[in-house]
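Since the structure comes first, as structure tokens, the remarks are kept for the end.
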Amino acid sequence: MLFNSTDAAVWNSALALYPEAFKALAATKTDQSIIALDKWYQTEFPAILATRSPCFINHEEIVKLVAWKLKRGKYRPALAKMVAEHADAVIRRTSQEAFDIISSKNDLKAAISKMSELKGVGPATASAILCAGAPDKVPFMADESVDSVPGLGKIAYTLAYYLKFAAKVIDKAAQLKKAGSKVDSPHLVELALWADMMTEKFNLPQHSSSSTPAPTPAKAPGNKRKADDTPTVAPFKSKETKDTKEDDSTTNKRARSTRSSNRK
Numbered sequence: 001m002l003f004n005s006t007d008a009a010v011w012n013s014a015l016a017l018y019p020e021a022f023k024a025l026a027a028t029k030t031d032q033s034i035i036a037l038d039k040w041y042q043t044e045f046p047a048i049l050a051t052r053s054p055c056f057i058n059h060e061e062i063v064k065l066v067a068w069k070l071k072r073g074k075y076r077p078a079l080a081k082m083v084a085e086h087a088d089a090v091i092r093r094t095s096q097e098a099f100d101i102i103s104s105k106n107d108l109k110a111a112i113s114k115m116s117e118l119k120g121v122g123p124a125t126a127s128a129i130l131c132a133g134a135p136d137k138v139p140f141m142a143d144e145s146v147d148s149v150p151g152l153g154k155i156a157y158t159l160a161y162y163l164k165f166a167a168k169v170i171d172k173a174a175q176l177k178k179a180g181s182k183v184d185s186p187h188l189v190e191l192a193l194w195a196d197m198m199t200e201k202f203n204l205p206q207h208s209s210s211s212t213p214a215p216t217p218a219k220a221p222g223n224k225r226k227a228d229d230t231p232t233v234a235p236f237k238s239k240e241t242k243d244t245k246e247d248d249s250t251t252n253k254r255a256r257s258t259r260s261s262n263r264k
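Yeah, the sequence shown ends on 264 if you go by the UniProt record's numbering, and it's all consecutive.
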């Protein structure tokens with residue numbers, strides 16, 4: 001199991017599998033809007049939030065985020081309808097208060113509770129909202145990521161259950177950051193777990209390619225970007241040198257060996 005590994009190379013390899021794992025998921029969908037929605041959530045939306053001080057989301061954004069969440073996971077049309085009924089002013093005020101709590105007090109429980117005051121927004125959706133603006137503090141509660149964390153028991157969409165999941169992911173992120181892994185935030189940990197789970201589900205090759213990097217990590221809210229500091233909206237492509245390719249090849253061989261050992 002990936003979560004039990006402490007090898008930075010193994011986690012780096014898992015995160016690098018995200019683009020291919022997501023493409024495999026998208027291929028099973030009739031509605032291909034999920035592709036643009038995922039690029040928006042992983043890159044464009046966090047960049048927008050990072051320019052706002054204080055940080056908040058609006059009606060259009062929460063509707064779009066819920067559409068992304070439902071198309072990427074379990075589709076619940078009633079949930080989307082409930083969220084869409086909220087007034088823009090209410091969404092802005094509630095989200096601003098939630099972001100302020102996580103930013104100034106680092107109180108995850110209070111922040112999720114505040115965001116969940118909106119009808120149709122439970123802990124999972126609240127975590128998706130806060131994760132987009134504070135990826136270094138809040139992991140998104142995706143079913144596949146939750147199922148990859150041992151010791152949580154049967155999944156429950158409650159605040160208490162989310163906090164158990166988040167605590168383990170946050171601790172793992174700190175551990176990996178200390179080990180020098182690229183997977184150094186709660187958001188990147190849950191992305192790596194998601195990619196690892198989906199790689200198994202779709203029987204994809206257990207290796208990564210530096211030509212398909214994972215989504216660019218977003219900055220936390222309040223850190224305004226300069227005009228030339230906006231992340232690319234097409235994170236699946238990158239330039240690489242010969243030395244980089246050789247280093248990645250060595251890393252991937254070591255990662256494959258370790259991952260194979262961990263799965264036994």
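Cβ coordinates follow ideal geometry from the N, Cα and C atoms, glycine included. In this text, all values refer to a predicted model and were calculated from it rather than measured experimentally.
Start and end residues, alpha helix (DSSP H) containing residue i
{"i": "residue 266", "result": "The requested residue 266 is not part of the displayed model; the chain covers only 1 to 264."}
{"i": "L17", "result": "It is not in any alpha helix (DSSP H) - L17 carries neither H nor E in the DSSP assignment."}
{"i": "Y161", "result": "159-178"}
{"i": "H187", "result": "186-201"}
{"i": "S145", "result": "143-147"}
{"i": "S113", "result": "108-115"}
{"i": "S95", "result": "88-100"}
{"i": "M82", "result": "77-84"}
{"i": "S33", "result": "33-39"}
{"i": "P46", "result": "45-50"}
{"i": "V183", "result": "Element bounds for V183: n/a, residue is neither H nor E."}
{"i": "I62", "result": "59-72"}
Beta carbon proximity, residue i to chain E, threshold 9 Å
{"i": "K23", "result": "In the displayed structure, chain E is absent; only one protein chain is listed."}
Cβ-Cβ separation, residue j to residue i (assumed contact under 8 Å), whole Å
{"i": "I129", "j": "L65", "result": "6 Å"}
{"i": "S127", "j": "P139", "result": "7 Å"}
{"i": "I155", "j": "V169", "result": "With a Cβ gap of about 14 Å, I155 and V169 do not count as contacting."}
{"i": "P135", "j": "P54", "result": "That pair is no contact at about 17 Å."}
{"i": "W11", "j": "L176", "result": "6 Å"}
{"i": "A132", "j": "P19", "result": "Between P19 and A132 the Cβ distance is about 19 Å, and since that is not below 8 Å, they are no contact."}
{"i": "G73", "j": "A142", "result": "6 Å"}
{"i": "A195", "j": "A21", "result": "4 Å"}
{"i": "A14", "j": "A179", "result": "The pair is not a contact, with the Cβ atoms about 14 Å apart (cut-off 8 Å)."}
{"i": "L152", "j": "K137", "result": "20 Å between Cβ atoms; not a contact."}
{"i": "M197", "j": "L25", "result": "So it is not a contact: roughly 11 Å between Cβ atoms."}
{"i": "L79", "j": "G120", "result": "5 Å"}
{"i": "Y162", "j": "P123", "result": "4 Å"}
{"i": "L108", "j": "A166", "result": "6 Å"}
{"i": "V189", "j": "K172", "result": "5 Å"}
Is the segment 25-34 close to the segment 67-84, with three or more CB pairs under 8 Å?
yes
For the segment 112-126 and the segment 89-102, state whether three or more C-beta atom pairs, one from each stretch, are separated by less than 8 Å. yes
Q.
With three or more C-beta pairs closer than 8 Å as the rule, is the segment 45-63 touching the segment 82-100?
A. yes
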